[in-house]
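The structure appears right after this line, and notes come after that.
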Amino acid sequence: MDLASYVQKVYQELHAHPELSSQEAWTASYVARELKQMGFAISTQVGGHGVVGLLDAGRPGLTLGLRSDMDALPMGEETGVSYASQIPGVMHACGHDSHMAMVLAACRYAAENKERLQGKLLAVFQPAEEVGDGAKAMLEAGVFAQVKPDRFVGIHNWPSLGVGSLGLQSGPLTANTDSFTAVFRGVGGHGALPHRTKDAIAMATAGVQNAFALTQRYTDASYPQVVSFGVIQGGTTFNIIPETVTVAGTVRTMRLEDQEQMIRLLHQAFRAAADLYGGSYGLDYAKGVPGVVNDAQVAAELAEFFAAQLPDVRVVSEGLASLVGEDVGYFLQEVPGVLLFVGSGREGAVNELHNPRFLVPAEALVTGFRALVSIIEGYLA
Ligand SMILES: [Zn+2]
Ligand SMILES: [Zn+2]
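Residues in the sequence shown are numbered consecutively from 7, following our numbering.
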């Protein structure tokens, strides 16, 4: 089977069998079996269902790491394709199936051309990306303990870019993705007698407004950052002022100093709100996935490979940064590399990740696979 057919076959088989984060057992065995057949040395159960394959060309050279994520999402599929999810309520709606297909096809290319190559190829298949746990768990399990990549490339399909294009931008690309929960505590009582209470609802609403205001006035607008609330909870019925109200949200920043400032500002905002109405607050802030910062040298090297080997492919190199989270950032803190976007948008199609009608087009798989091949040729040939 030629590699263009192989990438489509693997994509469709994986698409039909999506598995949720941290439950990727079938997927892991599929990936391990394919790698083994190609002649890779395999490690399984690396940080959960992580699979690592190593191909040693037997001649000194660089070690190139390629990373794909593996997990799917808790949502029902509505695409109507013949290879649609066979698991009710679970769908590969973020295209991690396509990433596995592209990386496996690239691995097969490397295996078939091993006699011509030098150095090592380390294929990293990471579980639990959607929950932000997998990369960290693989690092803690020693994914780079034996063989540490000199260059590392993660891929993600990107529907804001058209099929047939690639997105490769140097520097900050995604956000430090944090979460927080704050509880405002007052004294509950009768809605008709607020003067005998310490109103936690008043504290919470003021706290939310303070947070929006402070993060608008204290932060440097040259650097993208945002605070959003997704939860506000409290009370039981219309005439009881509750004792506590809980709010929860997310903070996205691109620089570590902005992250630290956001934590200070949330405390300031919530403290002022609690003080105003005579109550107290507690803030539980959890730093999450670190932002992806693409290595300038690796980005420049890849741009050279693409220019030389893929003259027909448009490479977009700006305007790609956003405040989403991607846990490949953990790997990129350890080894120099980039997160490469593979254009997956089509006119007239649903171009939204995590949408029940989203699919990665066949043409995108080919472009992504060709990009990975050019990287293998560039570093290992
Ligand atoms: Zn996703
Ligand atoms: Zn994703």
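The beta carbon of each residue, even a glycine, is placed where N, CA and C say it ideally should be.
For clarity, every value in this text was computed on a predicted model and none was experimentally measured.
(Q) Let me make sure I understand the geometry here. Which of 284, 342 and 370 has the alpha-carbon closest to that of residue 170? (A) 370
Q) If you check the beta carbons only, do residue 64 and residue 178 fall under 9 angstroms apart? A) no
(Q) Do residue 163 and residue 347 count as a contact pair if the criterion is CB distance below 9 angstroms? (A) Cβ atoms of residue 347 and residue 163: closer than 9 angstroms.
**Q.** Local Cβ density within 10 Å of residue 138, reported as buried at 16 or more and exposed below that
**A.** Classified as buried, residue 138 has 16 or more neighbouring CB atoms from the shown chains inside 10 Å of its CB.
Q.
If I measure Cβ to Cβ from residue 42 and keep anything under 7 angstroms in the same chain, skipping five residues before and after, which residues do I get?
A. Around residue 42: 48.
Q. For residue 168, which residues from the same chain have a beta carbon less than 6 angstroms from its beta carbon, with the 5 sequence-adjacent residues on both sides left out?
A. 349 and 351
**Q.** Chain-order list of residues whose beta-carbon lies under 8 angstroms from that of residue 224 (same chain, five-residue window excluded)
**A.** Excluding positions up to five away in sequence, the list reads 267 and 271.
Q: My understanding is that residue 180 touches residue 332, with C-beta atoms under 8 angstroms, so please give their C-beta distance in whole angstroms.
A: 5 angstroms
Q | Environment of residue 310 [buried if 16+ CB atoms lie within 10 Å] | A | exposed
**Q.** 7 angstroms CB neighbourhood of residue 273 in its chain, flanking five on each side removed
**A.** 289
Q: Go ahead and label residue 74 buried or exposed: buried means 16 or more other beta carbons lie within 10 angstroms of its beta carbon, across all protein chains shown.
A: Taking every protein chain shown into account, the CB of residue 74 has 16 or more other CB atoms within 10 angstroms, so this residue is buried.
Q.
Could you pull the DSSP bridge partners for residue 231 from this structure?
A. 259
Q: May I ask you to verify whether the stretch 196–204 touches the stretch 257–267, counting CB pairs closer than 8 angstroms and requiring at least 3?
A: no
Q: Determine, using beta carbons only, whether residue 102 and residue 374 come nearer to each other than 9 angstroms.
A: The criterion of a C-beta distance shorter than 9 angstroms is not satisfied by residue 102 and residue 374.
**Q.** Cutoff 7 angstroms; reference residue 473; Cβ partners in own chain excluding five residues on either side
**A.** Outside the displayed range of the chain (7 to 387) lies residue 473, so it cannot be described from this structure.
Q.
Looking at ligand 4, does it come within less than 8 angstroms of residue 201, judged from the CB to the closest heavy atom?
A. The model depicted lacks ligand 4 and carries ligand 1 and ligand 2 instead.
**Q.** Among 35, 55, 142 and 122, nearest to residue 295 - alpha-carbon criterion
**A.** 142
Q) Taking the DSSP output, what are the residues bridged to residue 132? A) 75
Q. Where do the ends of the alpha helix (DSSP H) carrying residue 388 lie?
A. Outside the modelled stretch of the chain, which goes from 7 to 387, sits residue 388, for which no answer is possible.
**Q.** Which residues DSSP lists as bridging residue 183, in chain order
**A.** 258 and 295
Q | 7 angstroms Cβ shell around residue 29 - same chain, five flanking residues per side excluded | A | none
Q: Please write down, chain order preserved, every residue whose beta carbon lies under 7 angstroms from a heavy atom of ligand 2.
A: 75, 100, 101, 102, 135, 136, 162 and 359
Q) Quick one: what's got a C-beta closer than 7 angstroms to residue 226's C-beta in the same chain, skipping five residues either side? A) none
Q: Could you tell me which residues DSSP puts in a beta bridge with residue 252?
A: 189 and 239
Q.
So, at 6 angstroms on beta carbons, what are the nonlocal neighbours of residue 269 in its own chain, with the 5 sequence-adjacent residues on each side left out?
A. 291
Q) Going by Cα to Cα distance, which pick from 326, 140 and 286 is closest to residue 53? A) Checked all of 326, 140 and 286; the closest Cα to residue 53 is 140.
(Q) Does residue 162 come out as helix, strand or coil in the three-state DSSP assignment? (A) strand
(Q) Is residue 179 a contact residue of ligand 1, with contact defined as CB to any heavy atom under 8 angstroms? (A) no
(Q) Using a Cβ distance threshold of 8 angstroms, determine whether the stretch 88–98 contacts the stretch 10–26, with at least three qualifying pairs required. (A) yes
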